[in-house]
Structure formats: structure tokens, C-alpha cells
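K.L.:
If you read the sequence shown in my numbering, its first letter stands for residue 64, the second for the next number, and so on. Think of the CB as a built atom: it goes at the ideal place given N, C-alpha and C, for glycine as much as any other residue. Model, not experiment: these values are computed from the prediction.
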Amino acid sequence: MNKREPGLTTYRQKRQRLYQAGIHLLELDLLRRGTRPFAHPQLPDVAYAIALTRTHAGVMDVWPLQLSEHSPILPVPLKSPDLDVSLDLPSAIAPLYDEAGYDLSINCTEAPPPALSESEQESVGGLGA
64 MNKREPGLTT
74 YRQKRQRLYQ
84 AGIHLLELDL
94 LRRGTRPFAH
104 PQLPDVAYAI
114 ALTRTHAGVM
124 DVWPLQLSEH
134 SPILPVPLKS
144 PDLDVSLDLP
154 SAIAPLYDEA
164 GYDLSINCTE
174 APPPALSESE
184 QESVGGLGA
């Protein structure tokens, strides 16, 4: 898990090396607990988020995610001079979900896990450091 120590520090060091090497990074934060590995001042307090760091741009694009909403079509940067391609995340994940057999190990007729308690929400801290 990259949202808890010691993995969090290791992950942040790796993302810094990737950035310095000129590699774009698209991060999906789909875990409710732990410290978010990226921070952005305009990201609202949400459990899930996506971030795109383009190399040497000095700007991070962020998308807050709510389970009740469809996920956005995400730009995936390619090497210049090629233009971004679009990623429809649900369409990309569906075959992986089917191949992994989650429908055999997860009972979707059961109630989902309860919402985070106030203390859990505070420990997540919204954005991390």
C-alpha cells in the first residue's frame, strides 16, 4: 500500500524520480484510508481523486471523484509531438474486473462497507502532506 508508511515515502521518492526523468504520471487514488500521495490546494475533501502530473509543466491537474458520478474522460499525455489520447476509465477497468474474477469473490448483493467515521475522515486528512 502506497498510502501508509513505509510505502508512502518510497512512493513519493519514486514519483519525484519519474518527474525528474521527464515521465508524465497519472495517479488514481481509489483507497479511502491513508495519506494521499499527492496534494493539491484546489482539491476538495473527497475520498477518491485522480491526478495528472505532466513533466516539467509545474502544474498538476486533479479530478475529485464521487462514487455517485461518472469518472471523467482522462487525458493521457504521450511523448511530444504526439497529442494526448483519451482514457475512458470505466471502459478500461471493466475488462480487468471481469478477467480478475472479482464477481466471484465480491458479493455485490451485500451492503457496501460503511462510510468513513469522522475520526477516519480526519485521519485521511483530505489531501495528505
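(1) Do residue 137 and residue 152 have their C-beta atoms within less than 9 angstroms of each other?
(2) Any idea which residues DSSP pairs residue 124 with across the strands?
(3) Under 8 angstroms: do the segment 84-104 and the segment 113-126 share three or more Cβ pairs, one atom per stretch?
(4) For residue 149, list the residues DSSP reports as bridge partners.
(5) Who are the Cβ neighbours of residue 127 in its own chain at under 7 angstroms, not counting the five residues just before and after it?
(6) Output the distance between the C-alpha atoms of residue 98 and residue 70, rounded to the nearest integer angstrom.
P.N.:
The relevant details are as follows:
(1) With contacts defined by Cβ atoms closer than 9 angstroms, residue 137 and residue 152 form a contacting pair.
(2) Residue 124 is bridged to 115.
(3) Yes: the two stretches touch, three or more of their Cβ pairs being nearer than 8 angstroms.
(4) DSSP output for residue 149 lists 138 as bridge partner(s).
(5) Counting only Cβ-Cβ distances below 7 angstroms, and skipping sequence neighbours, we find 106, 107, 109 and 112.
(6) If you take the alpha carbons of residue 98 and residue 70, they lie about 11 angstroms apart.
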